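2 protein chains.
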Amino acid sequence: MKNPTLSDVAQLAGVSYATADRVLNRRGNVAAKSVDKVERAVEELGYVRNVSAAKLSRNSQQKLAFVLPDRSHKFFARMNAQLERAMPNLKVAQMTCDVIEFAAFEAGALRAALAGLVGQGYGGVAFVGQGADGALDVLAALRGEGVKLVALVSDSPAGSRDSYIGIDNLKAGRAAARLVGMAHRNVAGQAIVLAGSMDLRDHVDRVAGFQDVLKADFPNIQVAHVIETKDRSSIAREKLRAALKETTNVTAIYNAAGGQEGVIDVLRRFVDPEQVFCIGHELIGPIRRALESGIVDIVIDQLPELEVNRAVALLQSLVDELPPPPFPELVPAIYMRDNLPTEDF
Amino acid sequence: MKNPTLSDVAQLAGVSYATADRVLNRRGNVAAKSVDKVERAVEELGYVRNVSAAKLSRNSQQKLAFVLPDRSHKFFARMNAQLERAMPNLKVAQMTCDVIEFAAFEAGALRAALAGLVGQGYGGVAFVGQGADGALDVLAALRGEGVKLVALVSDSPAGSRDSYIGIDNLKAGRAAARLVGMAHRNVAGQAIVLAGSMDLRDHVDRVAGFQDVLKADFPNIQVAHVIETKDRSSIAREKLRAALKETTNVTAIYNAAGGQEGVIDVLRRFVDPEQVFCIGHELIGPIRRALESGIVDIVIDQLPELEVNRAVALLQSLVDELPPPPFPELVPAIYMRDNLPTEDF
DNA sequence: CCTGAATTGATTGACGTCAATCATTTTTGA
DNA sequence: TCAAAAATGATTGACGTCAATCAATTCAGG
Numbered sequence: 001m002k003n004p005t006l007s008d009v010a011q012l013a014g015v016s017y018a019t020a021d022r023v024l025n026r027r028g029n030v031a032a033k034s035v036d037k038v039e040r041a042v043e044e045l046g047y048v049r050n051v052s053a054a055k056l057s058r059n060s061q062q063k064l065a066f067v068l069p070d071r072s073h074k075f076f077a078r079m080n081a082q083l084e085r086a087m088p089n090l091k092v093a094q095m096t097c098d099v100i101e102f103a104a105f106e107a108g109a110l111r112a113a114l115a116g117l118v119g120q121g122y123g124g125v126a127f128v129g130q131g132a133d134g135a136l137d138v139l140a141a142l143r144g145e146g147v148k149l150v151a152l153v154s155d156s157p158a159g160s161r162d163s164y165i166g167i168d169n170l171k172a173g174r175a176a177a178r179l180v181g182m183a184h185r186n187v188a189g190q191a192i193v194l195a196g197s198m199d200l201r202d203h204v205d206r207v208a209g210f211q212d213v214l215k216a217d218f219p220n221i222q223v224a225h226v227i228e229t230k231d232r233s234s235i236a237r238e239k240l241r242a243a244l245k246e247t248t249n250v251t252a253i254y255n256a257a258g259g260q261e262g263v264i265d266v267l268r269r270f271v272d273p274e275q276v277f278c279i280g281h282e283l284i285g286p287i288r289r290a291l292e293s294g295i296v297d298i299v300i301d302q303l304p305e306l307e308v309n310r311a312v313a314l315l316q317s318l319v320d321e322l323p324p325p326p327f328p329e330l331v332p333a334i335y336m337r338d339n340l341p342t343e344d345f
Numbered sequence: 001m002k003n004p005t006l007s008d009v010a011q012l013a014g015v016s017y018a019t020a021d022r023v024l025n026r027r028g029n030v031a032a033k034s035v036d037k038v039e040r041a042v043e044e045l046g047y048v049r050n051v052s053a054a055k056l057s058r059n060s061q062q063k064l065a066f067v068l069p070d071r072s073h074k075f076f077a078r079m080n081a082q083l084e085r086a087m088p089n090l091k092v093a094q095m096t097c098d099v100i101e102f103a104a105f106e107a108g109a110l111r112a113a114l115a116g117l118v119g120q121g122y123g124g125v126a127f128v129g130q131g132a133d134g135a136l137d138v139l140a141a142l143r144g145e146g147v148k149l150v151a152l153v154s155d156s157p158a159g160s161r162d163s164y165i166g167i168d169n170l171k172a173g174r175a176a177a178r179l180v181g182m183a184h185r186n187v188a189g190q191a192i193v194l195a196g197s198m199d200l201r202d203h204v205d206r207v208a209g210f211q212d213v214l215k216a217d218f219p220n221i222q223v224a225h226v227i228e229t230k231d232r233s234s235i236a237r238e239k240l241r242a243a244l245k246e247t248t249n250v251t252a253i254y255n256a257a258g259g260q261e262g263v264i265d266v267l268r269r270f271v272d273p274e275q276v277f278c279i280g281h282e283l284i285g286p287i288r289r290a291l292e293s294g295i296v297d298i299v300i301d302q303l304p305e306l307e308v309n310r311a312v313a314l315l316q317s318l319v320d321e322l323p324p325p326p327f328p329e330l331v332p333a334i335y336m337r338d339n340l341p342t343e344d345f
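The structure is reproduced here in structure tokens:
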């Protein structure tokens, strides 16, 4: 009924409490055969450390940090808001959480933000991996001092973090293409694709997935343009407008990028929603309204609230050295005007 | 830096530790003005109970139970498996979790299963609410002895449980209709709808949502039949076959029910996938393969693994009287052959 | 003002782990 | 075989809360 304690383990192993403790907390100076005896006893009793007692004894407030692009990007504002909602829960777990914002798409900004965390005693850090390639040394420094790292939304190289939480962008792009294809019903047409930057792995993946499926299953839909917007509305507006002018029979627009206001602007003014199937990413205010009014047909959303929840839970288990929660694969929502969430983002 | 303790609260409030304790743990026999003083001090210090210390002191193994339809239903097998994966995490939280299976679709089976839990000292119970109408008295009995209740997948009446975890089936049906409509591109056609039983709220909602959207936005798609299958493959097979025979120009099939093997059978043998847009619910083995082979176009999945995770987390917070985690609205996955999860269910 | 009831104060052992100290025993190597 | 090194044992205070006890004080009603 009652869980075994470390004393029980020691007793069964035939060693003192002190030795059992040395084994479990890796304090060293233990003979191999003692380690063995203790481990066998742990196994036999199914001993698991009483986390409550451990935390209480250690009596340490763990510090977490979330390093996110500034919240002027509405997508990251959603993450920020969710983090805010999670604060009470973090508090009862005896943790604090700082949010560090950095200028998105500015080279070196992530690096600088992360560098500020070195030596500050953080137990875990979640960061949006966009631009992490230029921060590998800082990430290594953090890990070196025992900080647990979780990449969010956009992955950083495998060796540089403990875990990644984000969607599979290749699949997202493929799904987008399938939906476009379905909506065409074998009618031929031209598609325009927008991406923030072909330097960003996320966007590259989405575009690649999109093109793969079109090529394989819907050959009569051609990708006429792949536009780079740098996630800026003004650029998107101009380039999309130009592309529309020089292309006949545009039947689909896939915006794999963020910052969609510019795209919607053009759609609203120059495009017949009946003729053009339009699909984008991330449900933020303006996009939602475009969806509701029929200008946009589908929005793929990576559910940042869910990602934040997972990051928090994962960091908690990492810093306490507990087994990670069994997360199923993260699958983005596909929103239409008919299944929008009740809360507005 | 360090969190305030109850002693700090007592001191600030100008009462003894004992009195502060009496207030926080509702032990009674405290004068109103003392309660007030303590509450003000709590507020001012931002005191939150140290959960680790509380759990340690109480030293109680909490018992949870999940009451699910038997796992011969592959959908519930998925839940079962996820629960299995969550066991280590429950163990470190000093909790145990029993899984009680009952015969699905058998009147009284849920009631009987729940009745077996009364007086057994459970701290929290999650149950699939299908058929809960006949078990309201047992639910009341459980709540009466302090058991926290969470309805899963299918809700039970609002007053009979603490919380509900499941998808919005109306929205799911609406989304299904939208996808069907998109794929028709203004071409007229006939749709066949299948449901397990029109007594089940879930299925009724899905069908209603489906019909709503068709009526409003795609009037040239008619619902020719609404078939009740009792979630049995044999019935689905027969009735669908008959419906197909007597209907010309069938262009869509929406299966809102579980137990889809029968439907797939018929599709495989008698239906041209090119002509008929087919959409169903819940990604289980056979459906997945039908999706991959092009017989089924879309599967809406309510992500039972996620639901189980939430139920576990929610029950934990309920039994420990902690603030509930900030869950965003649960949105079902829309699977196509292109965005299937890596793991097979 | 007195009495019984209500309220408050003071204190304590337990919960299981951590982290430390100090003494003792065993092992190793020259 | 002996000294140094390695390993082990024994013990302890702290962590913050819970749940209990018992004594002391305040309050209400007659």
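Protein sequences, first through last, are from chains E and R.
To convert, note that position 223 of the first sequence is 223 in the numbering used here; the numbers rise steadily by one, no gaps.
To convert, note that position 42 of the second sequence is 42 in the numbering used here; the numbers rise steadily by one, no gaps.
Ideal placement from N, C-alpha and C gives every residue a C-beta, glycine not left out.
Computed from a predicted structure; not experimentally measured.
Interface flag, residue i vs chain E, CB-CB below 8 Å
i	result
V299 of chain R	no
R185 of chain R	yes
P328 of chain R	yes
K171 of chain R	yes
R85 of chain R	yes
P157 of chain R	no
E305 of chain R	yes
P341 of chain R	yes
M182 of chain R	yes
Own chain residues within Cβ distance below 8 Å of residue i, not counting five before or after
i	result
P157 of chain R	A132, D133, L136
S154 of chain R	V128, G129, Q130, A132, G166, L200, R201, D202
V187 of chain R	N220, T251
A112 of chain E	F102
L139 of chain E	L114, A132, L149, S156, S160, R161
K55 of chain E	Q94, D320
Rounded distance between the beta-carbons of residue j and residue i, thought under 8 Å
i	j	result
T68 of chain E	N59 of chain E	Residue identity differs from the one stated: residue 68 of chain E is Leu in this sequence, not Thr. At roughly 30 Å, the Cβ-Cβ gap does not stay under 8 Å, so L68 of chain E and N59 of chain E are not in contact.
L142 of chain R	L117 of chain R	7 Å
T229 of chain R	L194 of chain R	6 Å
H281 of chain R	I300 of chain R	5 Å
Close-in-space but distant-in-sequence residues of the same chain around residue i (CB under 7 Å, 5 per side omitted)
i	result
P273 of chain E	G294, I295
T162 of chain E	Before going on, a small fix: residue 162 of chain E reads as Asp here, not Thr. Taken in chain order, the residues that qualify are K148, L149, V150, L318.
A313 of chain E	P325
H73 of chain E	A104, G258
Residue-chain proximity (residue i, chain R), Cβ-Cβ < 8 Å
i	result
I334 of chain E	yes
K148 of chain E	no
P325 of chain E	yes
K63 of chain E	no
V193 of chain E	no
A115 of chain E	no
R174 of chain E	yes
K74 of chain E	no
Q275 of chain E	no
R161 of chain E	no
D338 of chain E	yes
L315 of chain E	no
V331 of chain E	yes
Contact set for residue i: own chain, Cβ-Cβ below 6 Å, skip 5 residues either direction
i	result
V308 of chain E	M79, Q82, L83
V38 of chain R	A13, A20, V23
Q222 of chain E	Q190
L90 of chain E	C97
Y122 of chain E	K63, A65, V147
Y47 of chain E	P4, V9
Notebook entry, point to check: At what residue ranges does the segment 277-335 of chain R contain a whole run of the beta strand (DSSP E), taking only runs of 3 or more?
Noted result: 277-281, 298-301, 333-335
Item checked: Chain-ordered residues of the segment 23-55 of chain R with a beta carbon less than 9 Å from chain E -> Using a CB distance below 9 Å, the part of the segment 23-55 of chain R facing chain E consists of G46, V48, R49, N50, V51, S52, A53, A54, K55, ordered along the chain.
Next item on the list: Note down, in chain order, all residues in the segment 119-141 of chain R with a beta-carbon under 9 Å from any beta-carbon belonging to chain E.
Entry: Along the segment 119-141 of chain R, there is no position whose C-beta sits under 9 Å from a C-beta of chain E.
Margin query: Ignoring anything shorter than 3 residues, give me the beta strand (DSSP E) runs that lie fully in the segment 75-99 of chain E, in order along the chain.
Written below: none
Notebook entry, point to check: What are the uninterrupted segments assigned as alpha helix (DSSP H) that are 4 or more residues long and contained completely in the segment 29-59 of chain R, given in chain order?
Noted result: 32-45, 51-58
Next item on the list: Return the chain-ordered ranges of every beta strand (DSSP E) run that is complete within the segment 200-261 of chain E and spans a minimum of 3 residues.
Entry: 221-228, 250-255
Check: Listed in chain order, which residues of the segment 213-227 of chain E have Cβ atoms closer than 7 Å to some Cβ of chain R?
Finding: Of all residues in the segment 213-227 of chain E, those with a C-beta nearer than 7 Å to a C-beta of chain R are V213, reading in chain order.
Margin query: So if I threshold CB-CB distances at 9 Å, which residues from the segment 91-105 of chain R count as touching chain E?
Written below: K91, V92, A93, Q94
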